[in-house]
Amino acid sequence: MLDIIVVFVGALALLFAARKIARRVGLVDKPNARKHHSGHIPLVGGVSIYFSLWLLYSLQPGWLPGFPVYMLCITLLLLVGVIDDRFDLPVMPRMLVQAGVAGIMMWQGLAIDSLGTFLFGYPLMLGALGYLVTLFAVIGSINAFNMVDGIDGLLGALASVAFATLSMLFFFGGQTELGMWCLALVVACMPYILLNLGVPWGRKFKIFMGDAGSMLIGFTVIWLLILASQGEDAVMAPVTALWIIALPLMDMIRVMISRVRRGSSPFRPDREHLHHILMRAGFSGRMTLALMTSGQLFSGMLGIILEGCHVPDNWQFAIFCLSFIAFIYGVRMVARIKLTADTIMTVK
Numbered sequence: 051m052l053d054i055i056v057v058f059v060g061a062l063a064l065l066f067a068a069r070k071i072a073r074r075v076g077l078v079d080k081p082n083a084r085k086h087h088s089g090h091i092p093l094v095g096g097v098s099i100y101f102s103l104w105l106l107y108s109l110q111p112g113w114l115p116g117f118p119v120y121m122l123c124i125t126l127l128l129l130v131g132v133i134d135d136r137f138d139l140p141v142m143p144r145m146l147v148q149a150g151v152a153g154i155m156m157w158q159g160l161a162i163d164s165l166g167t168f169l170f171g172y173p174l175m176l177g178a179l180g181y182l183v184t185l186f187a188v189i190g191s192i193n194a195f196n197m198v199d200g201i202d203g204l205l206g207a208l209a210s211v212a213f214a215t216l217s218m219l220f221f222f223g224g225q226t227e228l229g230m231w232c233l234a235l236v237v238a239c240m241p242y243i244l245l246n247l248g249v250p251w252g253r254k255f256k257i258f259m260g261d262a263g264s265m266l267i268g269f270t271v272i273w274l275l276i277l278a279s280q281g282e283d284a285v286m287a288p289v290t291a292l293w294i295i296a297l298p299l300m301d302m303i304r305v306m307i308s309r310v311r312r313g314s315s316p317f318r319p320d321r322e323h324l325h326h327i328l329m330r331a332g333f334s335g336r337m338t339l340a341l342m343t344s345g346q347l348f349s350g351m352l353g354i355i356l357e358g359c360h361v362p363d364n365w366q367f368a369i370f371c372l373s374f375i376a377f378i379y380g381v382r383m384v385a386r387i388k389l390t391a392d393t394i395m396t397v398k
């Protein structure tokens, strides 16, 4: 437990040090048509978590298997993320790096080989197709968490819920060291969440995660999900992974489908994510944060319950698909409520 405390203190100290450097080198987020904050905010949340992981490794080198390859991957993501935060890279270079780290991960031997027992209780093995599925899973997870980084505290909160859920599953499955690693990740995110929300020092010390941090988090989540769901030491069924990242995943798929239907690129930024819609409907930033975090916490706990009750994989997937449909209709209802309210105000 002392190691966990050291990680928290280290992450907090790193944030205070990094924010000063970020201002000097221009690594700050500036308001624009899509970003409605005030002032130039340092983009150092990801940098703090990155160096916190090195600190954790120096204390507990055996907690995460394949750590050198993992760190190589997130170092590449961090570098391209910092460059993107500073100079606003186009989509293609970022996608190429994301595909590259997926390849490195698969070279390490970490890939999605099985989708579980969908076929009447028989394992659905992917063979060579698993490499393509892994590629899409890595890119999907990275971008899902990148896309929820739209209001204060949201990315850190949803990531913390995902890591905490994974921690419980690893502990239940007897993999204590991986459980502790996930718990340490939650603690490493805490200083960022506090400063991002202006607690307790106010907005003077406010910081953002940046693309460097969101890509690091998204990759870390998929790395841990594959560790948890594949191989002889798996602690959960592959379908359970969907519940652990349900909210970011559902929102990303919904928004991408909407963009494609409008004739836009699925990666073109807009203000149609769930957090934008909730705030346009009249919810404050803190209320939106609480609602979405609660939703992700509920889905994570549901995943644990379904896993613990040994619900068949095909039933789990069916429940997830029905939940996704309900999510889409729920978001549409919230958007219509706001539209109706605007119409009434215009008439008056």
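The numbering of the sequence shown is my numbering, which starts it at 51 and goes up by one.
Backbone N, C-alpha and C define an ideal beta-carbon position, used for all residues, glycine too.
All values derive from a computational prediction rather than experimental measurement.
Asked, Found
"With a Cβ-Cβ cutoff of 8 Å, do leucine 228 and tryptophan 113 count as a contact?", "yes"
"Sort out for me which residues DSSP pairs serine 164 with in a bridge.", "Met175"
"What is the rounded straight-line gap between the Cα of glutamine 148 and the Cα of alanine 68?", "25 Å"
"Write down every uninterrupted run of the alpha helix (DSSP H) in the segment 235 to 291 whose length is 4 residues or greater and which is fully enclosed by it, in chain order.", "260 to 279"
"Are the segment 374 to 383 and the segment 309 to 316 touching, with three or more C-beta to C-beta distances below 8 Å?", "no"
"Using only CA atoms, which one of Ala187, Asp163, Leu185 lies nearest to leucine 176?", "Asp163"
"So the candidates are Thr290, His326, Val57; which of them puts its Cα closest to the Cα of valine 305?", "His326"
"Buried or exposed for leucine 52, please, with buried defined as at least 16 other CB atoms from any protein chain shown within 10 angstroms of its CB.", "exposed"
"Using the three-state DSSP reduction, which class does isoleucine 91 fall into: helix, strand or coil?", "strand"
"DSSP three-state call for leucine 122: helix, strand or coil?", "helix"
"Spatial neighbours of leucine 247 within its chain, please: CB distance less than 6 Å, with the 5 preceding and 5 following residues excluded, ordered by chain position.", "Asp202, Gly203"
"Taking its Cβ as the centre, do 16 or more other Cβ atoms sit within 10 Å of isoleucine 307, making it buried, or is it exposed?", "exposed"
"Give me the Cα-Cα distance between alanine 287 and glycine 116, rounded to the nearest whole angstrom.", "21 Å"
"Quick check on DSSP: helix, strand or coil for valine 361?", "coil"
"Does the beta-carbon distance from valine 237 to valine 57 come in below 8 Å?", "yes"
"CB leucine 93 to CB glycine 260, shorter than 8 Å?", "yes"
"Can you pull the DSSP bridge partners for valine 11?", "Residue 11 is absent from the model: the chain starts at 51 and stops at 398."
"Could you pull the start and end residues of the alpha helix (DSSP H) that alanine 296 belongs to?", "296 to 311"
"Taking just the CA atoms, how far does phenylalanine 170 sit from tyrosine 100?", "43 Å"
"Under the three-state reduction of DSSP, which class applies to glycine 380: helix, strand or coil?", "helix"
"State the DSSP-derived secondary structure class of leucine 169, mapped to helix, strand or coil.", "strand"
"Over the uninterrupted alpha helix (DSSP H) stretch that includes alanine 207, give me the two end residues.", "204 to 222"
"What is the rounded straight-line gap between the Cα of alanine 212 and the Cα of phenylalanine 137?", "30 Å"
"Return the chain-ordered list of same chain residues with a C-beta closer than 7 Å to the C-beta of isoleucine 354, the five sequence neighbours on each side being excluded.", "Thr215, Met218, Leu219"
"Hey, is leucine 160 close to the ligand FMN, as in C-beta under 7 Å from one of its heavy atoms?", "In the structure on display, the ligand FMN does not appear, and there are no ligands present to speak of."
"Sorted by chain position, which residues of the same chain lie with C-beta nearer than 7 Å to glycine 345's C-beta, five sequence neighbours on each side aside?", "Leu297"
"When you compare only the Cα positions, how much space is there between valine 271 and alanine 209?", "8 Å"
"To the nearest angstrom, how far is it from the Cα of phenylalanine 317 to the Cα of methionine 142?", "10 Å"
"Nearest to arginine 74 by CA position, among His90, Gln110, Arg253, is which residue?", "His90"
"With distances taken from CA atoms, which of Ala278, Ile154, Met121, Ala194 is nearest isoleucine 303?", "Ala194"
"Are glycine 153 and glycine 263 close, meaning C-beta to C-beta below 8 Å?", "no"
"Thinking just about the alpha-carbon of each residue, which of Ala340, Met383, Val285, Gly252 is nearest to the one in histidine 360?", "Val285"
"Write down the C-beta distance between isoleucine 54 and alanine 187 rounded to the nearest angstrom, noting that I regard them as a contact closer than 8 Å.", "Their Cβ separation, rounded to whole angstroms, is 29 Å, which puts isoleucine 54 and alanine 187 out of contact at 8 Å."
"How long is the line joining the alpha carbons of valine 289 and isoleucine 189, rounded to whole angstroms?", "18 Å"
"Going by DSSP, what residue range makes up the alpha helix (DSSP H) through methionine 51?", "Premise fails: methionine 51 is in no alpha helix (DSSP H) and is neither H nor E."
"Can you say whether threonine 226 is buried or exposed, counting buried as having 16 or more other CB atoms within 10 angstroms of its CB?", "exposed"
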